[in-house]
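Counting in this note's numbering, the sequence shown runs from 528 upward without gaps.
Report on the structure given below.
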Amino acid sequence: MANKNKVNVLVLGSGGREHALGFKLKRSKRCGRLYFAPGNGGTAAMGTNVTDLPFDPVNTKHADAIDYFCRQNNVTLIVIGPEDPLCGGLADRLDKPGRYVFGPTQAGARLEADKVFSKQLMRATNVPTADAKTFTDYDAAVNYAENRETPVVVKAAGLAKGKGVIVCDDSPQALDALKTCMVDRAFGDAGGTVIIEERLVGQEVSILALVDGRNIFVLDPTQDHKQVGERDTGPNTGGMGAYCPTPLVDDALMATIQREVLVPIVDAMRRDGTEFRGVLYAGLMLTAGGPKVLEFNTRFGDPECQPLMMRLKGDLISIMIATCEGRLDKADLSWDPRCCCCVVLASGGYPGEYESGKPITGIDDAQTDPDITVFHAGTALNKQGDLVTAGGRVLSVCAMGNDLKQAQQKANAACEKIHFDGAFHRTDIGYRVM
Ligand code: AMP
Ligand code: GLY
Numbered sequence: 528m529a530n531k532n533k534v535n536v537l538v539l540g541s542g543g544r545e546h547a548l549g550f551k552l553k554r555s556k557r558c559g560r561l562y563f564a565p566g567n568g569g570t571a572a573m574g575t576n577v578t579d580l581p582f583d584p585v586n587t588k589h590a591d592a593i594d595y596f597c598r599q600n601n602v603t604l605i606v607i608g609p610e611d612p613l614c615g616g617l618a619d620r621l622d623k624p625g626r627y628v629f630g631p632t633q634a635g636a637r638l639e640a641d642k643v644f645s646k647q648l649m650r651a652t653n654v655p656t657a658d659a660k661t662f663t664d665y666d667a668a669v670n671y672a673e674n675r676e677t678p679v680v681v682k683a684a685g686l687a688k689g690k691g692v693i694v695c696d697d698s699p700q701a702l703d704a705l706k707t708c709m710v711d712r713a714f715g716d717a718g719g720t721v722i723i724e725e726r727l728v729g730q731e732v733s734i735l736a737l738v739d740g741r742n743i744f745v746l747d748p749t750q751d752h753k754q755v756g757e758r759d760t761g762p763n764t765g766g767m768g769a770y771c772p773t774p775l776v777d778d779a780l781m782a783t784i785q786r787e788v789l790v791p792i793v794d795a796m797r798r799d800g801t802e803f804r805g806v807l808y809a810g811l812m813l814t815a816g817g818p819k820v821l822e823f824n825t826r827f828g829d830p831e832c833q834p835l836m837m838r839l840k841g842d843l844i845s846i847m848i849a850t851c852e853g854r855l856d857k858a859d860l861s862w863d864p865r866c867c868c869c870v871v872l873a874s875g876g877y878p879g880e881y882e883s884g885k886p887i888t889g890i891d892d893a894q895t896d897p898d899i900t901v902f903h904a905g906t907a908l909n910k911q912g913d914l915v916t917a918g919g920r921v922l923s924v925c926a927m928g929n930d931l932k933q934a935q936q937k938a939n940a941a942c943e944k945i946h947f948d949g950a951f952h953r954t955d956i957g958y959r960v961m
């Protein structure tokens, strides 16, 4: 089976994002064997799940085991999906001659890992962002928050699994948030330093770009829906759905974002000695005063990745290798002109407590239409080999449509065909522009 021209790939991660990346990688002419570590119930059907390769990045034994696995199996492209291993430096440890690692080094991932660093870099490069102040001293933070007249957002400076951001309406809420972060340490060490930021109003969009150190290729704009309830109500989640492209960002605004946000950051990183390679994701608020950065991520968003992969044309293995080699200007990237809507099917109780191990039925029935693809996130195969729930966000149901309305209707109809105990989803993904 060994074919010199084929590329064996290892995808690290287990979410809908990683299943969607696998779906595109598998369609590449160059795709050889496809491995996932640990993968999920869906990736098991398109490749091999390797379940004995944990990747705590600070554990050198883990990096050594992945390195050994890749040598044994002639894996020459490693794709790192989630932020934790990137921020911990796994890409640095796996970077060996004869192999491509898709994902930034630890120095590059600092843009996501360290909100104080990224704020400073934005300030130094005049990238538009919310005004903010950093505190390590609780009393000073309280004093500042008490004396603000406009609403603020309190952010733990470190990585907090998407949870370390508390949007406050008034100063009592801000004081509560400071106590949660700095005294109760609800987000662990990530909350030892906090950023108190002006609260911006506007529509939020996710702008993701491939960056090869120098060249930037901006992907079509997406909008994520973070809150659990219809019409953006209830607590924040990892993301309940996303659609692409969003009409909120037209070509002119995209050019502004590229010029005012992406280029200055990538150039500043390079000047400071870091060639950023991988995905640079700017979470932006479109305010009355123009787009402003809420945060940077240094990986594909989940669920943004799913509609992006549904619409991406071109060979993902070649695109990823071109990103690693600094040849993005030569890569072949284009988009299916249709719209994609991704709806997340979640476990009852999410983002709070929920139960796992519920049998899932109806997925095949939901995706008989070639324009519909169901990506797995929190799923697993139980001992009997049946598909069961294994997480809060269980499935990402993606549908292509001629417009957003059609895509949303198809995705919602597909969701209704899938069953597991406690399943729920939002029916209004994309409502902000419909
Ligand atoms: P982040 O992880 O920094 O993107 O924050 C998570 C969510 O909190 C964002 O998606 C926004 O909805 C909200 N948020 C963060 N920063 C601000 C801000 N300065 N103003 C208003 N909302 C914000
Ligand atoms: N969908 C938001 C994120 O991946 O961070």
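All C-beta atoms, glycine included, are put in the ideal place defined by N, C-alpha and C.
6 Å CB neighbourhood of residue i in its chain, flanking five on each side removed
| i | result |
| --- | --- |
| residue 601 | 535 |
| residue 547 | 832, 833, 836 and 902 |
| residue 662 | 668 and 721 |
| residue 964 | The structure shown does not extend to residue 964, since the chain is modelled only from 528 through 961, so no value can be given for it. |
| residue 821 | 810 and 812 |
| residue 584 | 612, 615, 616 and 617 |
| residue 869 | 768, 769, 830, 833, 834, 923 and 925 |
| residue 946 | 888 and 889 |
| residue 740 | 802, 804 and 853 |
Distance cut-off 6 Å: residue i Cβ against heavy atoms of ligand 2
| i | result |
| --- | --- |
| residue 747 | no |
| residue 543 | no |
Residue i versus residue j - alpha carbon distance
| i | j | result |
| --- | --- | --- |
| residue 573 | residue 813 | 39 Å |
| residue 916 | residue 892 | 18 Å |
| residue 622 | residue 705 | 39 Å |
| residue 746 | residue 539 | 22 Å |
| residue 693 | residue 683 | 9 Å |
| residue 639 | residue 784 | 18 Å |
| residue 918 | residue 778 | 38 Å |
| residue 702 | residue 675 | 11 Å |
| residue 712 | residue 762 | 19 Å |
| residue 756 | residue 956 | 11 Å |
| residue 900 | residue 771 | 15 Å |
| residue 742 | residue 803 | 10 Å |
| residue 677 | residue 709 | 22 Å |
| residue 608 | residue 774 | 27 Å |
| residue 752 | residue 759 | 7 Å |
| residue 688 | residue 875 | 20 Å |
heavy atom of ligand 1 below 6 Å from residue i C-beta
| i | result |
| --- | --- |
| residue 727 | yes |
| residue 643 | no |
| residue 821 | yes |
| residue 657 | yes |
| residue 816 | no |
| residue 724 | yes |
| residue 905 | no |
| residue 841 | no |
| residue 810 | yes |
| residue 680 | yes |
| residue 963 | This structure cannot speak to residue 963, because the chain is shown only from 528 to 961. |
| residue 694 | yes |
Close beta carbons around residue i, own chain, < 7 Å, minus the five adjacent residues each side
| i | result |
| --- | --- |
| residue 597 | 537, 605 and 626 |
| residue 648 | 792 and 795 |
| residue 857 | 849 |
| residue 603 | 534, 535, 625, 626 and 627 |
| residue 528 | At residue 528 the pLDDT is 49, less than 50, meaning the model places this residue with poor confidence and gives no usable figure here. |
| residue 861 | 840 and 841 |
| residue 727 | 657, 812, 814 and 819 |
| residue 569 | 546, 902, 903 and 906 |
| residue 580 | 564, 592, 593 and 596 |
| residue 557 | 532, 533, 534, 842, 844 and 845 |
Close Cβ partners of residue i (< 8 Å) along its chain, the five nearest in sequence each way excluded
| i | result |
| --- | --- |
| residue 686 | 610, 611, 614, 639, 640 and 717 |
| residue 577 | 537, 562, 563, 564, 565, 566 and 596 |
| residue 929 | 865 and 866 |
| residue 937 | 868, 896, 898, 899, 926, 927 and 928 |
| residue 878 | 755, 762, 763, 764, 765 and 919 |
### Task
Run through the stretch 876–929 for me and flag every whole alpha helix (DSSP H) of 4 or more residues, listed as ranges in chain order.
890–893
### Task
List in chain order the residues whose CB is within less than 5 Å of at least one heavy atom of ligand 2.
751, 766, 828 and 829
### Task
Starting from the N-terminal side, write out each stretch of the beta strand (DSSP E) that is 3 residues or longer and does not extend beyond the stretch 712–755.
721–725, 730–739 and 743–745, all fully within the stretch 712–755.
### Query
Counting only runs that start and end within the stretch 639–718, where is the alpha helix (DSSP H) found for 4 or more residues in a row?
642–651, 665–673 and 698–705
### Task
Note down, one range per segment and in chain order, each beta strand (DSSP E) of at least 3 residues found wholly within the stretch 531–616.
534–540, 558–565 and 602–607
### Query
Quick one: complete beta strand (DSSP E) runs, 3+ long, within the stretch 798–849?
804–814 and 817–824
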